[in-house]
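Offset between the sequence shown (1-based) and my numbering: plus 10. Note that CB positions come from ideal geometry on N, CA and C, so glycine has one too. No experiment lies behind these values; they were computed from the predicted model shown. Note sheet for the following structure.
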Amino acid sequence: MELFTVPCITCRAKIKVRHVSAIGQILACPRCGGMVQIIAPEGWKPPVETAPTKHEPATTNSPTRPTPAQNEAPKPAAEAGNATTPPTYIAEPVADEIGMPSLVSPHEQRMRRRILLIGGAAAALVVASGLWSTLGETDKDAEPLTEAAPTATTSATSRKIVSSTPSTTALAKSTAVTKPAGAGTSIAVASATSSRPSILALAGTPSATAGTAVAASGTSRPAATPTMPLSTAVAATSDPKPPIPNPPMATKPTPSATGAPPALADSSAKLQQPAAGLRFVQTSRRDALEIVAQLAGLALDVNWDTLTPADAGLKEKVDAATTEGTLRDLLEQLLAPKKLLWAARGNVLTIQGSVPTPTPVQAEYAVGDLIGGDAAQTAALAEMVQSLVEPETWTRAGGVGNVLAADSALTVTQSPRVQLEIAALLDRLRLARGKSAQSSQTTSASAFGLAGTKLGTPISMNFRPAVPLSVVLARLEALADVTLTIDAVALAEQGASGTTPVGIAADKHPLAQVLTALCEPRGWAWRIIDAATFEITTQDAMRSRAYLEVYDLRPLLVDGARPEPLIARLKAQTAAAGWLETGGSGVLIFDAASGRAFVRQHQSGHRRIEQFLVDTTAASAPPAARPSASSTAPKPTATPPKSP
Numbered sequence: 011m012e013l014f015t016v017p018c019i020t021c022r023a024k025i026k027v028r029h030v031s032a033i034g035q036i037l038a039c040p041r042c043g044g045m046v047q048i049i050a051p052e053g054w055k056p057p058v059e060t061a062p063t064k065h066e067p068a069t070t071n072s073p074t075r076p077t078p079a080q081n082e083a084p085k086p087a088a089e090a091g092n093a094t095t096p097p098t099y100i101a102e103p104v105a106d107e108i109g110m111p112s113l114v115s116p117h118e119q120r121m122r123r124r125i126l127l128i129g130g131a132a133a134a135l136v137v138a139s140g141l142w143s144t145l146g147e148t149d150k151d152a153e154p155l156t157e158a159a160p161t162a163t164t165s166a167t168s169r170k171i172v173s174s175t176p177s178t179t180a181l182a183k184s185t186a187v188t189k190p191a192g193a194g195t196s197i198a199v200a201s202a203t204s205s206r207p208s209i210l211a212l213a214g215t216p217s218a219t220a221g222t223a224v225a226a227s228g229t230s231r232p233a234a235t236p237t238m239p240l241s242t243a244v245a246a247t248s249d250p251k252p253p254i255p256n257p258p259m260a261t262k263p264t265p266s267a268t269g270a271p272p273a274l275a276d277s278s279a280k281l282q283q284p285a286a287g288l289r290f291v292q293t294s295r296r297d298a299l300e301i302v303a304q305l306a307g308l309a310l311d312v313n314w315d316t317l318t319p320a321d322a323g324l325k326e327k328v329d330a331a332t333t334e335g336t337l338r339d340l341l342e343q344l345l346a347p348k349k350l351l352w353a354a355r356g357n358v359l360t361i362q363g364s365v366p367t368p369t370p371v372q373a374e375y376a377v378g379d380l381i382g383g384d385a386a387q388t389a390a391l392a393e394m395v396q397s398l399v400e401p402e403t404w405t406r407a408g409g410v411g412n413v414l415a416a417d418s419a420l421t422v423t424q425s426p427r428v429q430l431e432i433a434a435l436l437d438r439l440r441l442a443r444g445k446s447a448q449s450s451q452t453t454s455a456s457a458f459g460l461a462g463t464k465l466g467t468p469i470s471m472n473f474r475p476a477v478p479l480s481v482v483l484a485r486l487e488a489l490a491d492v493t494l495t496i497d498a499v500a501l502a503e504q505g506a507s508g509t510t511p512v513g514i515a516a517d518k519h520p521l522a523q524v525l526t527a528l529c530e531p532r533g534w535a536w537r538i539i540d541a542a543t544f545e546i547t548t549q550d551a552m553r554s555r556a557y558l559e560v561y562d563l564r565p566l567l568v569d570g571a572r573p574e575p576l577i578a579r580l581k582a583q584t585a586a587a588g589w590l591e592t593g594g595s596g597v598l599i600f601d602a603a604s605g606r607a608f609v610r611q612h613q614s615g616h617r618r619i620e621q622f623l624v625d626t627t628a629a630s631a632p633p634a635a636r637p638s639a640s641s642t643a644p645k646p647t648a649t650p651p652k653s654p
């Protein structure tokens with residue numbers, strides 16, 4: 011008998027309540043696993059139970075059990091069709107999970123307990139034998155390895171689940187995997203439909219998606235769905251427009267001219283572990299790289315300062331295999347088609363592009379269309395270039411760069427990477443003045459403008475605390491169709507990684523708000539790599555990366571107003587960002603010909619500038635045109651990290 015229905019705040023499914031004993035309890039949604047508190051509607055009264063007229067045999071009046079269809083996991087969205095309303099699910103109280111009254115006979119309860127005890131004992135024996143076979147059987151003639159060799163099991167699972175420790179098993183979807191007869195070898199096959207592997211730090215850590223996890227012995231167990239209690243969930247925001255995020259990065263310069271990772275201990279020896287029989291079949295390059303890294307006991311990192319998402323090709327499907335090689339051989343197979351490089355330092359495996367040489371080269375830029383033959387404008391343009399493009403790399407700051415201003419050209423001696431940034435600056439100046447850019451790749455839109463569609467994607471999720479960061483990011487990737495990577499080197503400096511436990515709850519909040527709520531309480535930040543690629547990093551690493559943005563000040567300079575008072579007010583209200591004249595690194599140059607400000611700042615600085623311009627524009631608008639005040643919509647809630 012159906013009493014009433016309650017909605018799931020995460021997936022919007024209608025949950026039928028069939029028992030009075032469920033009222034006041036918190037049940038898991040059968041569709042998404044989110045925790046839903048069962049609250050009776052206002053004015054609802056429990057039905058009056060009538061006593062039976064006569065005693066019936068137990069065989070004819072036993073409690074009705076859920077049918078197998080009721081216990082099935084919900085079908086994926088791809089199989090559900092284009093239904094306009096979500097399917098309806100049934101919420102039943104479960105005695106073993108939430109302490110509800112039992113719905114079965116005492117005899118059946120005893121039988122279930124016996125089965126659980128016998129099954130638990132059998133599982134313990136299987137796990138123990140698996141560990142004994144893995145750790146006890148070694149080749150006496152072989153040289154012992156510093157790290158345990160990867161092993162594999164026989165399974166056809168619904169998703170990949172890979173441990174971050176070298177001794178655990180790497181698994182992949184679809185094709186069955188057979189355990190090799192000889193010690194020290196492994197076979198793992200990944201398919202094109204397999205999802206991104208989750209990184210599990212400790213035994214028993216829940217997985218983010220429903221599926222089957224396979225233990226070292228080859229036995230399967232249902233994967234738990236991490237959720238968050240309903241009391242921490244938030245209501246939907248009333249403003250569909252995403253907030254100003256950590257500002258974008260069209261180009262990503264680093265403090266080091268070479269873009270090389272910090273000097274850490276070389277750990278390439280971990281990649282010498284045997285990988286005989288390990289192969290990937292139409293697996294995304296990113297999934298394959300993560301499996302190789304985790305089998306070596308390393309965290310995967312992508313150095314976006316040396317390549318672009320198109321250069322990396324993380325989502326491309328690849329085939330790779332090795333019969334007698336090592337993890338290093340397999341890694342180089344995966345990187346060879348894109349001509350990518352790798353470096354193993356500390357506990358991080360970094361994938362990077364060709365590192366630009368710091369050796370300066372000379373280039374000449376024709377700027378006649380920007381200066382009009384005026385020598386003073388040529389000198390001003392040379393000063394603009396040295397102030398906005400890597401100021402610390404010029405000879406006046408102790409670097410190697412130099413610029414000579416001629417009548418209609420600039421002759422620049424700089425590293426190849428800085429030369430690219432100079433060409434981009436000159437093209438953005440041309441676009442600001444209404445001229446044509448020399449490069450078709452240059453655009454006047456900011457990176458935030460390009461990524462605005464993805465950042466505004468509504469997100470609904472409910473993860474309880476202690477869920478690994480990589481699991482939450484994998485779920486966000488699936489919901490928003492984006493790529494989220496982790497700056498493993500920067501996070502490691504704070505003692506964090508993809509296995510760091512987090513918690514987050516959101517209800518139709520924009521992706522930008524969800525990322526901010528996830529990062530800010532932990533001292534992290536997120537930045538835009540391109541329109542659909544974002545990186546989780548630290549506040550310190552974000553502030554070390556400055557980039558150029560162009561702001562149109564003409565709407566605030568009406569009736570011949572001078573720009574100096576506006577710029578002074580802007581710098582005063584964004585002093586926390588740090589400006590050159592106050593000991594920081596921020597630089598602002600106003601171009602009178604275009605009415606635009608060219609600003610070099612880190613992401614937090616650009617965020618404050620954008621907010622200042624939004625507030626100033628709204629304050630200067632007529633009263634009738636100002637937006638009406640509205641109640642502040644709730645923001646996504648993140649479980650703050652516990653203090654040590």
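Spatially closest choice to residue i from the options, by CA coordinates
i      : options                           : result
Ala354 : Leu274, Asn412, Arg438 and Glu334 : Leu274
Asn472 : Thr20, Ala457 and Val16           : Thr20
Leu460 : Ile49, Ala309, Ala541 and Gly408  : Ala541
Val46  : Ala484, Ala631 and Arg22          : Arg22
Thr369 : Gly44, Ser425 and Glu574          : Ser425
Pro347 : Thr647, Lys327, Val597 and Ala303 : Lys327
Val422 : Leu489, Ile33, Val377 and Pro51   : Val377
Arg474 : Thr495, Ala455, Gly513 and Ala502 : Gly513
Ala578 : Gly570, Ala515, Glu591 and Ser31  : Glu591
Gln549 : Ser614, Ala386 and Trp589         : Ser614
Gly340 : Ala286, Glu393 and Asp384         : Residue 340 is actually Leu in this sequence, not Gly. Here the closest residue by C-alpha is Ala286.
Ser418 : Gly383, Ser450, Asp437 and Glu393 : Gly383
Val365 : Thr318, Lys325, Leu391 and Thr336 : Thr318
Tyr375 : Gln362, Leu430, Asp625 and Leu350 : Leu430
Leu350 : Leu525, Ala322, Asp625 and Leu37  : Ala322
Thr336 : Ala303, Leu324 and Gly356         : Ala303
Gly505 : Ala488, Trp534, Leu525 and Leu486 : Trp534
Ala502 : Asn357, His612 and Trp352         : Asn357
Presumed contact (8 Å Cβ cut-off) between residue i and residue j, rounded CB distance
i      : j      : result
Asp497 : Ile546 : 6 Å
Leu398 : Arg555 : Not a contact, Cβ separation roughly 15 Å.
Ala499 : Asp311 : First, the amino acid is wrong: residue 499 is Val here, not Ala. Indeed, because the Cβ distance is near 6 Å, the residues count as touching under 8 Å.
Gly508 : Ala309 : 6 Å
Leu344 : Arg295 : 6 Å
His519 : Pro632 : Not quite, the Cβ-Cβ distance comes to about 32 Å (not below 8 Å), so this is no contact.
Arg438 : Val560 : 6 Å
Leu521 : Ile469 : 6 Å
Leu567 : Thr626 : Actually they do not touch by this definition, with Cβ atoms about 11 Å apart.
Per DSSP, cross-strand counterpart(s) of residue i
i      : result
Leu668 : There is simply no residue 668 to check, as the chain begins at 11 and stops at 654 in what is shown.
Asp562 : Arg606
Pro478 : Pro511
Met121 : Answer is none; Met121 lacks a bridge partner.
Met45  : Ala38
Ser294 : Lys327
Gln372 : Thr423
Arg289 : Ala331
Lys445 : For Lys445, which the question treats as bridged, DSSP gives no partner whatsoever.
Trp404 : Gly411
Same chain only: Cβ atoms within 7 Å of residue i, ignoring 5 sequence neighbours per side
i      : result
Ala603 : Arg443
Gly409 : Glu402 and Thr403
Leu563 : Pro573, Leu576, Gly605, Arg606 and Ala607
Phe14  : Val27, Ala50, Pro51 and Trp54
Cys18  : Ile25, Cys39, Arg41, Cys42, Gly44 and Val46
Lys445 : Asp379
Glu12  : Lys26 and Arg28
Ala298 : Ala200, Phe290, Val328, Ala330 and Leu344
Sequence-distant residues of its chain with Cβ nearer than 6 Å to residue i (five each side left out)
i      : result
Ala389 : Ala415
Phe600 : Pro573 and Ala607
Leu441 : Ala447 and Ser454
Leu479 : Gly508, Thr510 and Val512
Own chain residues within Cβ distance below 8 Å of residue i, not counting five before or after
i      : result
Gln396 : Trp404, Arg406, Gly411 and Val413
Arg338 : Ser278, Leu281 and Gln282
Thr332 : Ala285, Ala286, Gly287, Leu288, Arg289, Asp339, Leu340 and Gln343
Mind pulling the beta strand (DSSP E) runs of 3 or more residues that sit fully within the stretch 312-366? DSSP runs (the beta strand (DSSP E)) wholly in the stretch 312-366: 327-331, 351-355 and 358-362.
Would you list, in sequence order, the uninterrupted beta strand (DSSP E) runs of no fewer than 3 residues that lie entirely inside the stretch 510-554? 511-520, 534-540 and 543-548
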